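Peer 1:
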Ligand code: PMP
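Residue numbers (this note's numbering): -13 to 347.
#1: Looking at the strands, I want to know which residues DSSP matches up with residue 191.
#2: When burial is assigned at 16 or more other CB atoms within 10 Å of the CB, is residue 65 buried or exposed?
#3: Please say whether residue 323 and residue 258 have beta carbons closer to each other than 8 Å?
#4: In the DSSP output, what is residue 322 paired with across the bridge?
#5: Which of helix, strand or coil does DSSP assign to residue 173?
#6: Considering just the uninterrupted stretch of the alpha helix (DSSP H) at residue 228, what are its terminal residues?
#7: One question on the structure: do residue 38 and residue 235 come within less than 8 Å of each other, judged by their Cβ atoms?
#8: Within 10 Å of its beta-carbon, does residue 225 have 16 or more other beta-carbons around it, so buried, or fewer, so exposed?
#9: Using a Cβ distance threshold of 8 Å, determine whether the region 132 to 150 contacts the region 82 to 90, with at least three qualifying pairs required.
#10: CB residue -10 to CB residue 306, shorter than 8 Å?
#11: List the endpoints of the continuous beta strand (DSSP E) containing residue 84.
#12: Which of helix, strand or coil does DSSP assign to residue 332?
#13: Would you identify the three-state DSSP class for residue 144, choosing helix, strand or coil?
#14: Let's see if you can read the secondary structure: which residues bound the beta strand (DSSP E) around residue 135?
#15: Could you work out which residue in 5, 7, 118 and 31 is closest to residue 17 when comparing CA atoms only?
#16: For residue 121, count the other beta carbons within 10 Å of its own beta carbon; 16 or more makes it buried, fewer makes it exposed. Which is it?
#17: Which residue wins for smallest C-alpha separation from residue 316, given the options 328, 6 and 274?
#18: Return the Cβ separation of residue 281 and residue 116 in integer angstroms, given the expectation that the two are a contact with Cβ distance under 8 Å.
#19: May I ask whether a heavy atom of the ligand PMP can be found less than 7 Å away from the beta carbon of residue 89?
#20: Compare the C-alpha of residue 107 against each of 246, 125 and 92 and name the closest.
#21: Between which two residues does the alpha helix (DSSP H) carrying residue 8 extend?
#22: Check whether the region 287 to 298 touches the region 262 to 277, counting contact only when three or more Cβ pairs, one atom from each stretch, lie closer than 8 Å.
#23: Determine the DSSP secondary structure at residue 138, reduced to helix, strand or coil.
#24: What residue range is occupied by the uninterrupted beta strand (DSSP E) comprising residue 156?
#25: Run through the region 87 to 112 for me and flag every whole beta strand (DSSP E) of 3 or more residues, listed as ranges in chain order.
#26: Three or more beta-carbon pairs under 8 Å between the region 213 to 228 and the region 88 to 100, yes or no?
#27: How long is the line joining the alpha carbons of residue 98 and residue 68, rounded to whole angstroms?
#28: Identify the residues that DSSP records as bridge partners of residue 196: which are they?
#29: Between the alpha carbons of residue 7 and residue 194, how many angstroms are there, rounded?
#30: Which of the three DSSP states, helix, strand or coil, is assigned to residue 370?
#31: Could you have a look at residue 307 and say whether DSSP puts it in helix, strand or coil?
#32: Please state the DSSP three-state secondary structure of residue 262.
#33: If you compare alpha carbons, which of 77, 119, 189 and 228 is closest to residue 21?
#34: Residue 76: which of 110, 42, 130 and 94 sits nearest, CA to CA?
#35: Could you have a look at residue 272 and say whether DSSP puts it in helix, strand or coil?
#36: Less than 8 Å between the beta carbons of residue 114 and residue 143, yes or no?
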């Protein structure tokens, strides 16, 4: 069996020890005589799995006691709607959005159905190649919340600071960089992330919410989209995505065994530096983003000869390096190097790029 180096933006590479453990536990989870997929979500054995996943996430991220952790469905995309639905009073309530890419725009568009969206800053005029700095943020002290996208999966930029928003709660879509670096959770009102990049398989979305933001709305919401009953029922209003949560727990265990988030961050810095350095030192490859705004997770690059893109992808595939095409909206290449991408994968990519350049420049 040959594993490839998979640079997919998501669903993405998972740690091999996690997959091996899931395989070993597939038919008989710890003497239960069944797969995790087959057990009742209310069984004692499953309740222990979800409790352990939450405990590990709390430990690894240092989540304060006054924050609730939810495991929901509907992806990060449902949170684009649930955040305003649960926080704003009505459609005249101002909310501030920092627009740093397509996912931020989608979040703002969804929020506009429920609130008065104000653009606090946008880097669209330079094709989202940078993150606006604090001084550029036009923040309304009366806003109900400020929304940011901490890492822009498509354009490959990432906040390297936490916006100061005063008393206005900061809401962050951390889908593509959660657990890649330490985060001071207390700086945020709500954090949310689809799991399928750094946390596990698709199908589960993590929401971390400060308890005073739960139950804010007087509006009648669909029960599944209301944080309050979700919190009161421990993410078990209905059947949660049981297997995805189990794998997420195994990924968290793997992060812990790797030395925790700080150790993972050090490795992520090495991987990103290696790849950006290879791109910057060549005239054949180019990354369009401002150096201070570059993402450690998603690294887009273009070739000096765009007509070689198909050849690049085809030869990379033969070399065991797959899913390197850029997002369909921006083209070029993109290497996503999430937590589970080993350093050897980045080394192999850099070696391939250098060899390709020699042969085609
Ligand atoms: N936000 C960001 C930053 C993303 O990268 C993605 C998915 N690539 C989404 C939101 C949408 O996530 P989901 O598919 O879980 O709804």
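Just so it is clear, CB atoms sit at the ideal spot from N, CA and C, and this is done for glycine as well.
Keep in mind that this is a model prediction, so the values were computed, not measured.
Peer 2: Reading off the structure:
#1: 58 and 180
#2: buried
#3: yes
#4: 284
#5: helix
#6: 228 to 243
#7: yes
#8: exposed
#9: yes
#10: yes
#11: 80 to 85
#12: helix
#13: strand
#14: 132 to 135
#15: 31
#16: exposed
#17: 274
#18: With 8 Å as the limit, residue 281 and residue 116 do not qualify as a contact, their Cβ atoms being about 11 Å apart.
#19: yes
#20: 125
#21: 2 to 10
#22: yes
#23: strand
#24: 156 to 159
#25: 102 to 108
#26: no
#27: 12 Å
#28: 53
#29: 27 Å
#30: Missing from the structure shown is residue 370; the chain here goes from -13 to 347 and no further.
#31: strand
#32: helix
#33: 228
#34: 130
#35: strand
#36: yes
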